[in-house]
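Okay, structure first, notes after.
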Amino acid sequence: MSLDTLVRMKRGQRVPGPSRRLPVPEGMTVPLGCDAVSVPARLGPLLLPRLPRVGCVYADPAHWWWIVPSDSDVALDWPAPAHYATGAVVPDAPQIPGLIHKPDGTLPYTPPIPLYLAVCRVTGTTPVWSRPISA
0 MSLDTLVRMK RGQRVPGPSR RLPVPEGMTV PLGCDAVSVP ARLGPLLLPR LPRVGCVYAD
60 PAHWWWIVPS DSDVALDWPA PAHYATGAVV PDAPQIPGLI HKPDGTLPYT PPIPLYLAVC
120 RVTGTTPVWS RPISA
């Protein structure tokens, strides 16, 4: 098996408890696949003004969920308390979070790099590529 296959298998493992997939609004397409990044609800309003473009955002009382293209976690170490959800599957969800932002157009994505940088900024985390290398 290749490393890519092993990574895919790990990403596809099921999370315990009821899981629900965030639905893409009707009329939107996902040509790049669909994953999601969640942050605690208290951070959601801090991220919005830091983003040049916002895709579909879902929220429940505890979290805000941002739709990103598949594999937006490759080479990115999303800082805690952010959570990366492969396939836009919300773990342990009694119900699907509500859609609170829908962009104009047909693509539901928030660009992952600006989202990553905004999450790093509000959590006080240094982005992966800016960290010193240790020998």
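Numbered by numbering that gives the first Met the number 0, the letters in the sequence shown go through residues 0 to 134 in order.
Yeah, the Cβ is synthetic: ideal placement off N, Cα and C, and Gly gets one too.
P113 and L45 have their C-alpha atoms roughly 13 Å apart. Around the beta carbon of V67, 16 or more other beta carbons lie within 10 angstroms, which makes this residue buried. Going by C-alpha positions, V89 is about 18 Å away from P111.
With contacts defined by Cβ atoms closer than 9 Å, V121 and W77 do not form a contacting pair. Within the DSSP secondary-structure output, D34 pairs in a beta bridge with V67. Within the region 65-101, complete beta strand (DSSP E) segments of at least 3 residues are found at 82-84 and 97-100, given in chain order.
In the DSSP assignment, Y115 falls within the alpha helix (DSSP H) that extends over P111 to T122. Scanning L42, W65 and Y83 for the CA closest to the CA of G97 turns up W65.
Excluding residues up to 5 positions away in sequence, nothing lies with its Cβ nearer than 6 Å to the Cβ of L106 in the same chain.
Note on geometry: alpha-carbon atoms of A87 and V23 lie some 10 Å from one another. Counting along the chain, no alpha helix (DSSP H) covers L50, and no H or E run does either. Apart from sequence neighbours up to five positions away, the residues of its chain that approach T28 with a beta-carbon distance below 8 Å are T105 and L106, ordered along the chain. By the CB criterion at 9 Å, Y108 and G54 fall inside the cutoff. In this structure Y83 touches D72 by the C-beta definition: roughly 5 Å separates them, less than 8 Å.
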